[in-house]
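Comments concern the structure below.
In the numbering used here, the protein residues as written are 299 to 564.
Listed below in structure tokens is the structure:
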């Protein structure tokens with residue numbers, strides 16, 4: 299039986315500190331195929347059993363060819379892959395493998411109809427955080443396969459292939475040119491992480507869906523560890539009360555988002 303938590307790790311220290319936790323499956327951001335992390339992992343560094351790979355770059359033709367060679371060299375401890383590029387799925391289908399395939403489209407997969415369509419090609423899908431609690435319940439009830447629920451962590455709200463922080467740093471000196479905080483005109487803050495493949499902007503506060511841990515039809519509860527430490531992860535797993543004191547957080551929305559389209563005047 300699979301472990302309950304799928305932990306997207308953000309550094310090597312975290313893996314060492316948490317590897318004895320029996321209910322964690324580790325998800326590793328992979329060198330050359332991941333954006334939004336300061337630390338990434340080569341295949342040689344991923345030695346833990348039942349590991350999953352995280353691939354979230356949009357790949358061009360040459361990079362797809364490189365990925366084809368990469369995926370053929372996976373060691374036996376790699377059990378699955380989480381990705382957001384449909385081109386990656388095509389590569390996986392062309393190569394004989396037994397990987398568990400999980401599709402993670404940021405801010406998509408908002409209803410059971412589209413999710414069930416994707417489930418014809420993959421083993422599971424990460425449910426969007428842009429839906430209400432009621433909608434999540436409906437999706438879990440009507441999905442044809444067990445799903446992955448985004449349970450805790452800062453959310454990726456934008457990905458650019460440009461080095462946005464580096465470009466900004468040419469004019470304004472930053473303390474750390476690979477990670478920064480962006481403040482908009484409304485005073486809202488967002489965290490930014492840059493590597494050689496681009497920049498990801500994250501929410502300033504972590505998303506919280508911990509009360510979904512006892513739902514049915516769930517393959518994994520996904521925890522994104524960027525900006526968190528090992529103690530935070532232990533609190534997520536063992537002591538939610540401790541987490542409440544350390545981090546302000548938000549639950550899934552309880553209200554539907556209603557969009558009204560005004561007819562154009564003739």
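Idealized CB from N, CA, C, for every residue including glycine.
Neighbour-count burial assignment, residue i, 16 or more Cβ in a 10 Å radius
{"i": "residue 376", "result": "buried"}
{"i": "residue 358", "result": "exposed"}
{"i": "residue 299", "result": "A caution first: residue 299 carries a pLDDT of 38, below 50, which makes its placement in the model unreliable, though a value can still be read off. So residue 299 counts as exposed."}
{"i": "residue 460", "result": "exposed"}
{"i": "residue 422", "result": "buried"}
{"i": "residue 320", "result": "exposed"}
{"i": "residue 504", "result": "buried"}
{"i": "residue 492", "result": "buried"}
{"i": "residue 647", "result": "The requested residue 647 is not part of the displayed model; the chain covers only 299 to 564."}
{"i": "residue 452", "result": "buried"}
{"i": "residue 533", "result": "buried"}
{"i": "residue 429", "result": "buried"}
Residues sharing a beta bridge with residue i, DSSP
{"i": "residue 338", "result": "Answer is none; residue 338 lacks a bridge partner."}
{"i": "residue 450", "result": "506, 521"}
{"i": "residue 401", "result": "381, 423"}
{"i": "residue 445", "result": "516"}
{"i": "residue 322", "result": "303"}
{"i": "residue 376", "result": "349"}
Range covered by the alpha helix (DSSP H) that runs through residue i
{"i": "residue 303", "result": "No alpha helix (DSSP H) contains residue 303, which is instead part of the beta strand (DSSP E) from 303-306."}
{"i": "residue 429", "result": "Here residue 429 belongs to no alpha helix (DSSP H), and DSSP marks it neither H nor E."}
{"i": "residue 414", "result": "410-416"}
{"i": "residue 310", "result": "310-316"}
Cβ pair residue i, residue j closer than 8 Å
{"i": "residue 498", "j": "residue 333", "result": "yes"}
{"i": "residue 457", "j": "residue 514", "result": "no"}
{"i": "residue 402", "j": "residue 424", "result": "yes"}
{"i": "residue 420", "j": "residue 387", "result": "yes"}
{"i": "residue 313", "j": "residue 331", "result": "no"}
{"i": "residue 322", "j": "residue 305", "result": "yes"}
{"i": "residue 517", "j": "residue 450", "result": "no"}
{"i": "residue 519", "j": "residue 447", "result": "yes"}
{"i": "residue 573", "j": "residue 368", "result": "Past the boundaries of the shown model lies residue 573; the chain is included only from 299 to 564, so the question cannot be answered."}
{"i": "residue 308", "j": "residue 343", "result": "no"}
{"i": "residue 489", "j": "residue 502", "result": "yes"}
{"i": "residue 380", "j": "residue 362", "result": "no"}
{"i": "residue 440", "j": "residue 410", "result": "yes"}
{"i": "residue 579", "j": "residue 378", "result": "The chain is shown only over 299 to 564; residue 579 falls outside these bounds and no answer can be derived."}
{"i": "residue 404", "j": "residue 382", "result": "yes"}
{"i": "residue 535", "j": "residue 335", "result": "no"}
{"i": "residue 310", "j": "residue 346", "result": "no"}
Any chain D beta carbon closer than 8 Å to residue i
{"i": "residue 434", "result": "This model lacks chain D altogether, as it is built from one protein chain only."}
heavy atom of the ligand PLP below 7 Å from residue i C-beta
{"i": "residue 361", "result": "Annotation note on the ligand PLP: not contained in the displayed structure, which lists no ligands."}
In chain order, which continuous runs of the beta strand (DSSP E) of length 3 or greater are located wholly inside the region 454-491?
Segments of the beta strand (DSSP E) lying fully in the region 454-491: 454-458, 477-481.
Ranges of the alpha helix (DSSP H) found wholly within the region 490-533, counting only runs of at least 4:
Correct list: empty.
Which ranges does the alpha helix (DSSP H) cover as unbroken runs of at least 4 residues, wholly within the region 324-372, from first to last along the chain?
359-369
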